[in-house]
Amino acid sequence: MIKQFIAATMLAGLGLSAASYAAEPVTNPFYAGVEAGVTKNDDYSNTRSSYGAYLGYNVNQNFAVEAGARRLSSYDDPWRSLRSDQYSLSVIGSLPVNEKLSVFGRVGASHIVNKVSFKAVGQPGVPDFQLRDEDTHLLLGVGASYKLTEKVSARLELQRPQSGVKNLSAGVHYAF
1 MIKQFIAATM
11 LAGLGLSAAS
21 YAAEPVTNPF
31 YAGVEAGVTK
41 NDDYSNTRSS
51 YGAYLGYNVN
61 QNFAVEAGAR
71 RLSSYDDPWR
81 SLRSDQYSLS
91 VIGSLPVNEK
101 LSVFGRVGAS
111 HIVNKVSFKA
121 VGQPGVPDFQ
131 LRDEDTHLLL
141 GVGASYKLTE
151 KVSARLELQR
161 PQSGVKNLSA
171 GVHYAF
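Mind the numbering: the sequence shown is residues 1 to 176 in full-length UniProt numbering, read in order.
What follows is the structure, encoded as structure tokens:
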């Protein structure tokens, strides 16, 4: 099933990139943005807050390249702290619905870094014990973007940074 979804996404991306060659150039091709949201891991029943930032380049109206960094989740208690960070590079295919609204799809790579620190409670001078795990995964996403002004846009996106993990985020970006 996942292979069929990946194949369909790649074919759609190829179609969007082929159509993008005929699109008009963008006046302000570079953009930067911030976002906040929630991350849900299928292995756990709770959700965690997330936040991040991204930089992008619009090749034209229908095609962009974007890099981002996001804190997917964090958790602290008296004995440990858990952090999960995402670093991504992706291509975005966008289709306008009207003058202000467009929908988009994302395909890329998501590098996930998980850190667990066990705290040495009540033991002065004893360092924390840390574990680190990192891996790169296929990144998929879908969303919508709405132009607030000529340079400012808001967007809502659902991403799958790795298997079993979903992130829903809202953000705003500025084109320059």
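Built from N, CA and C at the ideal position, the CB exists for glycine as well.
In the structure shown, Tyr44 falls within a coil segment according to DSSP collapsed to helix, strand and coil. The shortest CA-to-CA distance from Gly164 to any of Asn28, Thr47, Val65 is the one to Thr47. Taking C-beta atoms as the reference points, Ser145 and Ser102 count as a pair closer than 9 Å. Counting only unbroken stretches of 3 or more residues, the beta strand (DSSP E) elements lying wholly within the stretch 35-101 are 47-60, 63-76, 80-96, in sequence order.
In terms of Cβ geometry, Ser169 and Gly37 form a close pair [threshold 9 Å].
When secondary structure is reduced to three states using DSSP, Pro161 falls in the strand class. The Cβ neighbour count for Arg132, taken over all protein chains shown within 10 Å, is under 16; the residue is labelled exposed. At a Cβ-Cβ threshold of 9 Å, Asn60 and Tyr31 do not count as neighbours. Non-local beta-carbon contacts of Arg83 in its own chain, meaning distances under 6 Å to residues more than five positions away in sequence, involve Ser74, Lys115 in chain order.
Residue burial is scored here from C-beta neighbours: Phe118 has fewer than 16 other C-beta atoms within 10 angstroms and is therefore classed as exposed.
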